[in-house]
Amino acid sequence: LDGMMSRFTVNSIDVRGYPDYFEYDLRDGKTVQSWWDIRLTRKSDDKKIVMPIMYVHDFNDEGKITRSMAYYSSKWLD
Numbered sequence: 166l167d168g169m170m171s172r173f174t175v176n177s178i179d180v181r182g183y184p185d186y187f188e189y190d191l192r193d194g195k196t197v198q199s200w201w202d203i204r205l206t207r208k209s210d211d212k213k214i215v216m217p218i219m220y221v222h223d224f225n226d227e228g229k230i231t232r233s234m235a236y237y238s239s240k241w242l243d
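For the sequence shown, my numbering begins at 166 and goes up steadily by one.
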């Protein structure tokens with residue numbers, strides 16, 4: 166993260182649409198998927214970049230997050 170922050174400025178983190186909630190029979194799964202746009206500026210040349218990212222959070226019966234994953238392409242940072 167330090168390497169990224171030395172090369173980019175984070176301008177905003179914006180939610181896209183509405184999160185989706187899923188309940189699964191398998192192991193009583195409770196999952197929320199959400200989509201975001203990370204708006205960055207590359208410091209070397211002031212190039213504006215919008216990097217889409219999807220988060221997946223799994224919850225237990227008490228509503229506590231038990232697992233968190235993010236899916237994105239680091240190619241946006243080249």
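Backbone N, C-alpha and C define an ideal beta-carbon position, used for all residues, glycine too.
Problem set entry | 7 Å CB neighbourhood of V279 in its chain, flanking five on each side removed | For residue 279 there is no data in the structure shown, the boundaries of the chain being 166 and 243.
Exercise. Given a threshold of 16 other Cβ atoms within 10 Å of its Cβ, counted over all protein chains shown, does L191 qualify as buried or as exposed?
Worked result: exposed
Exercise. Do the CB positions of H222 and T196 come within less than 8 Å of each other?
Worked result: yes
Exercise. Whole beta strand (DSSP E) runs in the stretch 189-218 with 3 or more residues, listed along the chain?
Worked result: 194-207
Exercise. Can you name, in chain order, every residue of its own chain whose Cβ lies under 6 Å from the Cβ of E188, other than the five neighbours on each side?
Worked result: K195
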